[in-house]
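Engineer: Please find one structure pasted underneath; my questions will follow.
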């Protein structure tokens, strides 16, 4: 659990941002592989992906970055978000968080812009 709470480094922030904006599929796949490796070695657990605020502008408000299937999907306010990412949606819209990690276990870990991780050690993170 201690590794799970270790602050996320700036390289991850840059990579997560690039996952959303990278157009070339091969480059995006390589970037996703690098992010998975970072989580495995640095934090001991690999998230399914992330939910974050979208900066494309209307009609999009948030997006999902899936590390396992190399999916980047943008959502308008009325769009449904697939589980388990839907549980992280409201947290991702909170300006306090840079992004929200979503795990296969159902755990959700919001990450502050300074890299600090919110983790309750169980299911969903507190809102």
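Residue numbers (the numbering used here): 7 to 133. Every residue gets a Cβ at the ideal spot worked out from N, C-alpha and C, and that includes glycine. Fair warning: this is a prediction, and the values are worked out from it, not measured in the lab.
(1) With distances taken from CA atoms, which of 119, 20, 112 is nearest residue 51?
(2) Does the structure place the stretch 28-41 close enough to the stretch 8-15 that three or more beta carbon pairs sit under 8 Å?
(3) Put residue 88 into one of helix, strand or coil per three-state DSSP.
(4) What first and last residue would you give for the beta strand (DSSP E) that runs through residue 71?
(5) Confirm, please, whether the CB-CB distance from residue 42 to residue 73 is below 7 Å.
(6) Classify residue 95 as helix, strand or coil using the three-state DSSP reduction.
(7) Does the beta-carbon distance from residue 71 to residue 55 come in below 7 Å?
Structural biologist: Reading from the atomic positions:
(1) For the purposes of this step, residue 51 is identified with residue 45 of the chain shown, where counting begins at 1. Nearest Cα to residue 51 within the set 119, 20, 112: 112.
(2) By the Cβ criterion, the stretch 8-15 is not in contact with the stretch 28-41, since fewer than three pairs of Cβ atoms, one from each stretch, lie closer than 8 Å.
(3) Within the chain shown, residue 88 is the residue found at index 82, counting from 1. Correct three-state label for residue 88: coil.
(4) Here residue 71 corresponds to residue number 65 of the chain shown, with the count starting at 1. Element bounds for residue 71: 68-72.
(5) Locating residue 73 in the chain shown gives position 67, where the first residue counts as 1. Locating residue 42 in the chain shown gives position 36, where the first residue counts as 1. The answer is yes: Cβ separation under 7 Å.
(6) Within the chain shown, numbered from 1, the residue matching residue 95 stands at position 89. Per DSSP, reduced to three states, the secondary structure at residue 95 is helical.
(7) Residue numbering aside, residue 71 sits at position 65 when the chain shown is read from its first letter. Residue numbering aside, residue 55 sits at position 49 when the chain shown is read from its first letter. Yes, the pair counts as a contact, with Cβ atoms nearer than the cut-off.
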